[in-house]
Every structure is written in C-alpha cells, then in structure tokens.
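Chains as they are written, first to last, in my numbering: chain A, 17 to 182; chain B, 271 to 705; chain C, 2 to 76.
Here's the structure we're looking at; comments come further down.
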Amino acid sequence: MLQTRPARFWAHSRIRQFAARALFATVLASAALASAVTTPSADPLSPHSGKVVLVDFWASWCAPCRSSFPWMNDMQTKYADDGLVIVAVNVDNDREAALKFLDEHPPEFEVHYDADRVLARRFEVVAMPSSFLLDRDGRIVDRHLGFKVLQQDEYEAAIRAALGRE
Amino acid sequence: MTKQHGSGLSATLATATCTLLGTAAANAVLAEEADDWDFDTALLYYGESDGRVQDASLNVLANRQFTDDRSLSLGLTVDALTGATPNGAIRIGEAQTFTRPSGNAAYDIAPGGLPLDDTFLDTRYALTAGWKQPLGRLNTFGVGVSASSEYDYTHAGFNTQFARDFNDRNTTLSAALAIARDEIDPVGGTPLELSPMLDVGDLSNRRGAESKEVVDVVFGLTQVISRNTLVQVNYSWSDASGYLTDPYKVLSVVDPETGVTLPRAVTPEVVGPSHAFLYEGRPEERSKQSLYGQVRHYMNGKVLDVSYRYMTDDWDIDSHTVDTHLRWPVGTASYLEPHLRFYAQTEASFYSPSLPAGIPIPAFASSDYRLGRFQALTAGVKYGWRMRGDHEMSVRLEWYQQRGDVPADMLVGGQSAADVYPDLDAVIAQFSYRF
Amino acid sequence: MNERMLRAASALVLAAALDGCAGLGVAAWDRDVLARDDMQLTPDPVEAALDEHIYFSKEASSGGRGFGGGGCGCN
C-alpha cells in the first residue's frame, strides 16, 4: 500500500477524479435505493418535484378509463393552482389505439407513454386502471386499484389532503 | 308438444347466464360508448326436412349499464313452431291411424311412412331479467328470473351466481344456481304411462296437469393462460324431479317374430288407432353431471374457440360434444366464422325403439329418438360486419344432422334401423343486429 | 365413467387447475387482447342461448357453459 501523506495523496488528480466518481456513484446508488423505498424515480415525474402528482395508468381498452378521464380533467383544472399535476401513463401496446382514445377523451393533463412498461413495473401496477397519489416529497400517499365513479369524492378528498387543503 | 321444452332448466340457466354473460361481455370489452342501452336482436329460423318441425323466433336482449359495472338485462323471445314431429311409433309397410293428443280426432299415416304428428301450431313467449353488480372489488354477484309460456307448458325460474377473482384477476372461480318449476297441461290431459292409445273420444286414461322441478348447479374456473389464451373449466350438476315424460309420444307394440306393429281390433263406426300403441313413461327423477372445458385463443387477428363437454346421467345416457369456431377477420370491419360441432350420445336405459309383445311391460319405456343412440354434426358459417356507431350485423347458416345408431339387439324381427329411428336433417339460419 | 367418478374427477381437475393456476396469467397491463369483444368466452350471448335451445330440444344433453372471467380485468 502506498504510504503517502494525505495532502499529497489527495493532490494527485487521478485519485481526486476517482474519488469524485466513487462518491457520485455512491450518492446515486443511495438515491436509487432510497427512491425504491419512497418514490420510483422516473423521467416524467422529476420535473414535478415539490408538486402533488397523481400518476394514473390507463389504456385504450380499459372501459373505466372512459369515466376517469373527465374526472381527471376536472381535478387538474380545479387544483392546478394549488400544485396538483396529473400524469396519465399509457400502457397500450398499440399507440394508434391510445391516440384514438385521446381523440375521444381529450386530456387537460400530461400524457406519458410507457410501452416498455418501465413505470408500470416500478409502480407495481396490478390492476387497470391504477392511480397513485404522490405528495410534495414524492412519497406515495394513496393508491387506487380501478376507478369507481361512486368513489370520486373519496379520491378528491385524498388529493385535497395531500395538497394541504384540509 | 312433441318437443323437449326448451324452457327446461338447463336451457334457462344457459339463457339466464348467457343473459348475464351478455352484461359481462359488455363490461369487459374495449372501451365503447358506455351510454344507456345496448340491444342484441336476432331472427332465427330452424327447419327440418321432410315436413318436420319448423321454428321461427325473434329474440331481443336489452342491456342497461349503470355506473361502476352494475347492469340490468332484459330478454324477450317469441317463438313460433309448426310442422310435424315423430310420435315415437315405428314405420311399417301398412297404413296406420293414430288418435290425436286431444282425443277429438285421428290422423293417418301412409304405408311405409314415418309416423309424424302434425297437430301443433305453437307460439312460445319467454322473458328473462337479470341484475349483475360487483361486491367489493374482486367479486361479482348476479340474480335473475326467467319465465315462459306456451299453450300447454309454463315455466318459472330463479337463478343466482357469484364469482371471485384471484391472482390479479387472472383466475376466476364462479358458482351458479338455478331452480325452476315447470307445469305441463297436455292437450286432452296427461295419459297414464305405458297405457294404450285409445279410440277418439275416449279420455279414460288421462289425468290433469303435471309439474316438474329442476335444480342446476355450475362451478367454474376461468384462467388466463397468456396474453392470447383463455381457458374455462366447468362442472355442472342437474337434478330434475316430477313429470319428465313426453305425453305425446307412444311406442309401437310389435310382433316378436316379424317386428311389425300388432294390429288393434277396431270397432266399426268408431275411429281409433289402427295398431297397438302404448304411451311412453319415463322415471320421475333424472340426475345429470357434466364436465366442460373451453379454450379461446387469439392468433394474429384470428380467434379459435374449442370446447368439449362430457355428460353422464342416471338414465345411462353418456354424451360427448366437441364444438369449434374460428373467427377470421375480413378486411378491417368484418369477419367470417366457420363452425363445426360434433355430438354423440348413448341411449337411455329405458330406450326401446319398439316393444315386443309377450314380454311384461317395463316400468319405463320410450322410443323418443332424442333418448336414443346417435351422432350429430353441425357445420356452418357466420359472416359479421361492424357498422359505424359500433353497430354490428351478422348472418349465419348451418346444417344440422342426426344419424341414429340403433344397437342391433334392439331391432326386433325384420326391423331395420331406418324403420325405427328417424334421422334428422335441419337447416339453421340467423340474422343478428346489435346496436 | 360412472357418476361418482365424474364428480371426483371434476373436483380433482378443478382443484389441480386452481393450484396450478397460481403462477399463470399476464400482468394487468397486458389484457389488451383479452379485452377484445371476440375474446370473451361467450361473445354472442343471444346466439349461444338460441343454440342451447335448439340442442336442448333435439338432444339429451344441455348446458355446461359457464360465465365470468377473462376480459380486461378492469376495476
């Protein structure tokens, strides 16, 4: 082992580079580990840090999604100023079918295409549709399997709670 | 009417569950306009060759979706039946005369002719209603009623079903129960089982209306095998008790040496049967079980459906049914669907094409070809096309044929299978419109 | 096959199937094909009921079909 004095050791640029990279890798790994426990880190979500995010997984072949879209439009309009962002994640294999659905149910929220199922797997989607409510710190605070028109008020109450409105 | 009443329970259950299935299908489909009512209508024609039964029916199934997967379905069928049906007597070289079921008149059959009873012109009305809803997230519950009426037969039934999903909805376990009570009030009264057919005007061997009760239970398992394949396995049990006989059917009493029907002494001035005929009689109880398996498989736009059913009962009847459909897309908005069905059954323990004279009359006997040993084949094709607004029309045309397989030891004397078993050839044509 | 055997065989088939079914299936997001109209177990309920009526009237067997399962698996 090299027996050099610490100052000289750290002065060496190669060592500094290596250490910097190692530290960066460790931080990234910890972040990844931490996010696996709290919030899956995903491209469509990172721009919205600090906001309450409703992540909704939908597909053109999912009948209840026809009811959830108008409701999500309603929520997005109503609470956008309070910091709500809705991201609708599409899991269709057939992009055409998804686009046709969007023609018939124009969204006022963001749509993300997850054909390779990265997000669906990370959120462990076990039912269609599924929605996950993330608080301002990116933690999942509510999860709904399916969309029930008669439970809209409960879904809205959870959003209001996360927004700090209640 | 000399037909097995389709308002029998299994048919009811099938109709009822099919009705509720209709709602299930509407739920599970690709997201469509989930607005108020969906209608599924069909005109059906069924016609047998040789002047036998012809049936035309109008069918409407209306389905109303409510929020969150709840639905109501209402079905109506109006059925008109004409034509002649075999009365159970065998064909012989002489002319034959039979008393009509009403006891008021008689009809003649030419020498060598298959004895057919053409008395009836019958209209049947049938109604079904069903409600289906989720119970919690993973369970489905349904109830329904059914009723039908024709001039000599009425039916009333109740059914209920329950299903639960497992394995992220890849597996479904289901159970259904149907109970029914049917009443039969035969024209002229119910004839005493195994009693002789009497002269015109003689109703001394007749009694009043009869009834039967049927209970049907089905247990099912549906499993998603892959993205493209679905499998279902069902076990069914059915128990019927009460009057299970066909009051309009007879058996010929034949000479044990020649196999020809014995003539009957006819009083001059009195019209009556020319030969010896006995009304049939069946047990008052029937218990059936069946095991059914179905696979539905999607391959590149085509859908293949294959199913098999094995049935066995305590009348000693065993049957096998193999049914296959292949839906073939034509262009973007239509399809062609060939269909092939094979059916084989063995005869009931008390089935006998004729009764040889001289032996004691058995407790139960029937020569109804529908309880005999035969094989049947259905072959047909359906063409369907989707119109704008998600309306769909389809037409189908099928041929159905039954060929008797009478065991040689059931033939008496000089009888041939063709004399004693009326083979059947029929055409099925249907036009459907769903909107 | 007599009736008791059929009952036992059926119970065994259903139990084995249920046990074996635990691992089978698809993810919730892959139900697109199964959600199709023509992939339902009884895509045409009226036609199925009409056929059932015909065969019940002309043969000694009836029923067998079940209900439920398959489809989009939604809600």
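Ideal placement from N, C-alpha and C gives every residue a C-beta, glycine not left out.
Residue nearest to residue 396 of chain B in terms of C-alpha spacing, selected from B/423, B/479, B/507: For the residues B/423, B/479, B/507, the minimum Cα distance to residue 396 of chain B belongs to B/423.
Just how far apart, CA to CA, sit residue 655 of chain B and residue 34 of chain C? Near 19 Å, if we compare the C-alpha coordinates of residue 34 of chain C and residue 655 of chain B.
Residue 585 of chain B, DSSP secondary structure in three states: If DSSP states are grouped into helix, strand and coil, residue 585 of chain B belongs with coil.
Quick one: list the residues of chain B neighbouring residue 165 of chain A, beta-carbon separation under 7 Å, in chain order. Simply 337, 338.
Could you name the residues of chain A that residue 407 of chain B contacts, counting a contact when the two beta carbons are closer than 7 Å? Ordered by position in chain A, the residues that pass the 7 Å Cβ test against residue 407 of chain B are 161, 162.
Return the CA-CA distance between residue 536 of chain B and residue 613 of chain B, expressed in angstroms with no decimal places. Using only the alpha carbons, I get a separation of about 43 Å.
What is the rounded straight-line gap between the Cα of residue 702 of chain B and the Cα of residue 692 of chain B? For residue 702 of chain B and residue 692 of chain B, the distance between alpha carbons rounds to 31 Å.
Identify whether residue 63 of chain A lies in helix, strand or coil by the three-state DSSP scheme. Per DSSP, reduced to three states, the secondary structure at residue 63 of chain A is helical.
Can you say whether residue 705 of chain B is buried or exposed, counting buried as having 16 or more other CB atoms within 10 angstroms of its CB? Exposed.
Please give me, in chain order, every unbroken run of the beta strand (DSSP E) with length at least 3 that falls completely inside the region 369-400 of chain B. Whole beta strand (DSSP E) segments, 3+ residues: 376-379.
Below 7 Å between beta carbons: does that hold for residue 490 of chain B and residue 64 of chain C? Taking the C-beta atoms as reference points, residue 64 of chain C is found no nearer than 7 Å to residue 490 of chain B.
Hey, could you find the ends of the alpha helix (DSSP H) residue 337 of chain B is sitting in? From DSSP, residue 337 of chain B is part of no alpha helix (DSSP H); its letter is neither H nor E.
Just to confirm before moving on: does the CB-CB distance between residue 88 of chain A and residue 117 of chain A stay below 7 Å? It is not a contact, given that the beta carbons lie outside the stated cut-off.
Run the CB neighbour count on residue 682 of chain B, radius 10 Å, all protein chains shown included, and call it buried at 16 or more, exposed below. Looking at its Cβ environment, which holds 16 or more other Cβ atoms inside 10 Å, residue 682 of chain B is buried.
Are residue 512 of chain B and residue 482 of chain B closer than 7 Å when you measure CB to CB? Yes; because the gap between Cβ atoms is below 7 Å, this pair is in contact.
Which residue from B/526, B/308, B/450, B/516 puts its Cα closest to that of residue 414 of chain B? The shortest CA-to-CA distance from residue 414 of chain B to any of B/526, B/308, B/450, B/516 is the one to B/450.
Mind checking whether residue 101 of chain A and residue 64 of chain A have CB atoms under 7 Å apart? Going by C-beta atoms, residue 101 of chain A is nearer than 7 Å to residue 64 of chain A.
What separation, rounded to the nearest whole angstrom, lies between the Cα atoms of residue 10 of chain C and residue 506 of chain B? C-alpha of residue 10 of chain C to C-alpha of residue 506 of chain B: approximately 12 Å in a straight line.
Counted within 10 angstroms of its Cβ, other Cβ atoms place residue 569 of chain B as buried (16 or more) or exposed: Around the CB of residue 569 of chain B, fewer than 16 other CB atoms lie within 10 Å, so the residue is classed as exposed.
Through-space distance from residue 161 of chain A to residue 667 of chain B, alpha-carbon basis: Their backbone Cα atoms lie some 44 Å apart in a straight line.
Please report the Cβ distance between residue 343 of chain B and residue 400 of chain B, rounded to the nearest whole angstrom; I am assuming they are in contact, meaning their Cβ atoms lie under 8 Å. Contact between residue 343 of chain B and residue 400 of chain B holds, since their C-beta atoms are separated by about 5 Å, short of 8 Å.
Between residue 68 of chain C and chain A, is any beta-carbon pair separated by less than 7 Å? When Cβ-Cβ separations below 7 Å define contact, residue 68 of chain C makes no contact with chain A.
Report the residue from B/394, B/479, B/363, B/470 whose alpha carbon sits nearest the alpha carbon of residue 382 of chain B. Relative to residue 382 of chain B, the option among B/394, B/479, B/363, B/470 whose CA is nearest is B/363.
At a CB-CB cut-off below 8 Å, which residues of chain B make contact with residue 142 of chain A? By Cβ distance, chain B contributes 438.
Consider the Cβ of residue 33 of chain C: report whether some Cβ of chain A lies at a distance smaller than 7 Å. Under the Cβ distance rule, residue 33 of chain C counts among the residues neighbouring chain A, one pair being separated by less than 7 Å.
My understanding is that residue 617 of chain B touches residue 643 of chain B, with C-beta atoms under 8 Å, so please give their C-beta distance in whole angstroms. Between residue 617 of chain B and residue 643 of chain B the beta-carbon gap is near 4 Å, inside 8 Å, which marks them as a contact.
Any beta-carbon of chain C closer than 7 Å to the one on residue 106 of chain A? By this cut-off, residue 106 of chain A is not an interface position.
Using a Cβ-Cβ distance under 7 Å, would residue 29 of chain C count as near chain B? Yes, its Cβ sits closer than 7 Å to a Cβ of chain B.
Just checking residue 400 of chain B against the ligand FMN - is the residue's beta carbon closer than 6 Å to any of the ligand's heavy atoms? No copy of the ligand FMN appears in this structure; indeed no ligand is present at all.
Would a C-beta distance cut-off of 7 Å place residue 73 of chain A and residue 103 of chain A closer than the cut-off? The Cβ atoms of residue 73 of chain A and residue 103 of chain A lie no closer than 7 Å to each other.
Might you give, ordered along the chain, the residues of its own chain that have their beta carbon closer than 7 Å to the beta carbon of residue 392 of chain B, omitting 5 neighbours on each side? These residues qualify, in order along the chain: 271, 351, 420, 421.
Residue-level contact to chain C via CB, residue 561 of chain B, 7 Å cutoff: Taking CB atoms only, residue 561 of chain B has a neighbour in chain C less than 7 Å away.
Taking only three categories from DSSP, how would you classify residue 366 of chain B? Reduced to three states, the DSSP call for residue 366 of chain B is strand.
Apart from the five residues on each side of it in sequence, which residues of its chain come closer than 7 Å, Cβ to Cβ, to residue 675 of chain B? Correct list, in chain order: 643, 644, 645.
Identify whether residue 179 of chain A lies in helix, strand or coil by the three-state DSSP scheme. Reduced to three states, the DSSP call for residue 179 of chain A is helix.
Going by the CB atoms, is the gap between residue 447 of chain B and residue 487 of chain B shorter than 7 Å? Residue 487 of chain B places its beta carbon less than 7 Å from that of residue 447 of chain B.
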